[in-house]
Ligand SMILES: *Cc1c(COP(=O)(O)O)cnc(C)c1O
């Protein structure tokens, strides 16, 4: 790896920011609603608010709540607000984490340790999830030494309840559901999975990382939203990301449990350290107070009315985009998405090529496979680009080669190849090589 030794003498602040500006010039542009995914944008006022709130507490350390009671208070209030939006009651408890990945990790860790007490006969604990569940489940299971059993979804991309039941056995400790799924924006049949959890006495974790901070407001705005939280019997835990549809910077999510008897398995406590009694609710040790303050600020700034207004705006943009896409004969939307996330597919044209050519026109659309599709996460900011997006789509679609054409752009061809490689081990090797390669300093 190329070396980058620390400079001998320091730089001027202005020069540092000049360099930032130069480096950022190649980044994806998200402020104008040209990006779908990664960034959740509610507008300039919310953005300015969260940055200022974060700055106010960014140096404070959430590790010791006795030293920073402000952070403890805001953290508990933020968690309690999300609980109230998730069908929780006075028994429901939760924790702040650094993101959806950590929230799912903590829920699975709690479930695993719960099972050690409650299901001592289990030798190798297993987790049963739909194939559409986020890879954070697989990652957590990998770290926690849990076996993952993935179950195909039905033709509408929803978790298949009979197939889930068939995949369960005496070692199953957790089943999973998503509200709503990242790939296709689908709401799994959570009431039925709750019944399954009660019948077999297993833990049901609902991953509402994506939907948790928009579904309650879509419902208040009049959209039909089935119950997915603690109002569903059989749900043990729920995760909801604040850094998605609550528009804060990345690094904050909430994981919630039906009661404290379940959450206790999440905590880590060590009492024999010369440095003092050590106890943390989740994975992190030291953590900046900035994101907790940003979350607290956004909840108070928007209130229910503001969240409903923004959710309605994003939903309106979603409905208009979907209607325009369905009107193009070559394109289709997969399944029946419940909120503001959906996927575009085609049985007639090469969808990866469509994505590449839309990106050439200044959009930023992520590609997905199994089956091939384009990912659309819609934010309130997208209300202003609906017409432009649809008119670009209408212009580009007639130029796209058919599904299996060989004349694909480099980007489209590479993605199509990795998705269809029959040897999944080889696909893994290729991605490993890629990751290894990009995380090395090279000449600029
Ligand atoms: C984003 C997301 C996650 C993972 O969250 P991170 O914040 O990226 O760690 C998990 N599940 C779903 C459904 C998501 O959309």
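Residue numbers (my numbering): 75 to 518. Ideal Cβ positions, reconstructed from N, Cα and C, are used throughout, including at glycine.
Output the distance between the C-alpha atoms of residue i and residue j, rounded to the nearest integer angstrom.
| i | j | result |
| --- | --- | --- |
| residue 92 | residue 86 | 10 Å |
| residue 244 | residue 196 | 7 Å |
| residue 186 | residue 422 | 45 Å |
| residue 510 | residue 516 | 12 Å |
| residue 89 | residue 364 | 26 Å |
| residue 169 | residue 456 | 31 Å |
| residue 154 | residue 432 | 42 Å |
| residue 416 | residue 287 | 17 Å |
| residue 522 | residue 406 | The shown model of the chain, from 75 to 518, leaves out residue 522, and the question about it has no answer. |
| residue 326 | residue 358 | 12 Å |
| residue 261 | residue 139 | 37 Å |
| residue 354 | residue 284 | 25 Å |
| residue 273 | residue 254 | 24 Å |
| residue 131 | residue 315 | 20 Å |
| residue 126 | residue 368 | 8 Å |
| residue 256 | residue 385 | 17 Å |
| residue 94 | residue 102 | 14 Å |
| residue 503 | residue 444 | 19 Å |
| residue 331 | residue 425 | 40 Å |
| residue 446 | residue 227 | 15 Å |
| residue 528 | residue 179 | An answer regarding residue 528 cannot be provided, because it is not within the stretch 75 to 518 covered by the chain. |
| residue 263 | residue 236 | 11 Å |
| residue 441 | residue 133 | 38 Å |
| residue 199 | residue 308 | 19 Å |
| residue 221 | residue 203 | 11 Å |
| residue 507 | residue 120 | 39 Å |
| residue 281 | residue 80 | 42 Å |
Pick helix, strand or coil for residue i, following the three-state DSSP scheme.
| i | result |
| --- | --- |
| residue 266 | helix |
| residue 315 | strand |
| residue 304 | coil |
| residue 339 | helix |
| residue 448 | strand |
| residue 135 | strand |
| residue 204 | strand |
| residue 188 | helix |
| residue 375 | helix |
| residue 395 | helix |
| residue 104 | coil |
| residue 260 | coil |
| residue 513 | coil |
| residue 221 | strand |
| residue 163 | coil |
| residue 281 | strand |
| residue 415 | strand |
| residue 110 | strand |
| residue 143 | helix |
| residue 476 | strand |
| residue 330 | strand |
| residue 152 | helix |
| residue 253 | strand |
Using 7 Å as the cut-off, classify the Cβ of residue i as near or not near the heavy atoms of ligand 1, replying yes or no.
| i | result |
| --- | --- |
| residue 318 | yes |
| residue 414 | no |
| residue 178 | yes |
| residue 169 | no |
| residue 327 | yes |
| residue 279 | no |
| residue 208 | yes |
| residue 174 | yes |
| residue 262 | no |
| residue 494 | no |
| residue 283 | yes |
| residue 252 | yes |
| residue 255 | yes |
| residue 315 | yes |
Compute the beta-carbon to beta-carbon distance between residue i and residue j, rounded to the nearest angstrom, for a pair I have assumed lies under 8 Å.
| i | j | result |
| --- | --- | --- |
| residue 174 | residue 362 | Incorrect: roughly 18 Å between the Cβ atoms, too far for contact. |
| residue 117 | residue 454 | 7 Å |
| residue 258 | residue 206 | 7 Å |
| residue 166 | residue 333 | 7 Å |
| residue 306 | residue 241 | Actually they are not in contact, since the Cβ atoms of residue 306 and residue 241 sit about 21 Å apart, beyond 8 Å. |
| residue 427 | residue 465 | At roughly 19 Å, the Cβ-Cβ gap does not stay under 8 Å, so residue 427 and residue 465 are not in contact. |
| residue 311 | residue 184 | 7 Å |
| residue 182 | residue 215 | 6 Å |
| residue 410 | residue 230 | 6 Å |
| residue 108 | residue 418 | That belief does not hold up - the Cβ atoms of residue 108 and residue 418 are roughly 16 Å apart, past 8 Å. |
| residue 171 | residue 164 | With a Cβ gap of about 22 Å, residue 171 and residue 164 do not count as contacting. |
| residue 249 | residue 238 | 6 Å |
| residue 188 | residue 201 | Contact doesn't hold; Cβ gap of about 13 Å is too wide. |
| residue 321 | residue 124 | 7 Å |
| residue 251 | residue 278 | 7 Å |
Runs of beta strand (DSSP E) wholly within the stretch 418 to 472 (minimum 3 residues, chain order): You should have 438 to 442 and 447 to 451.
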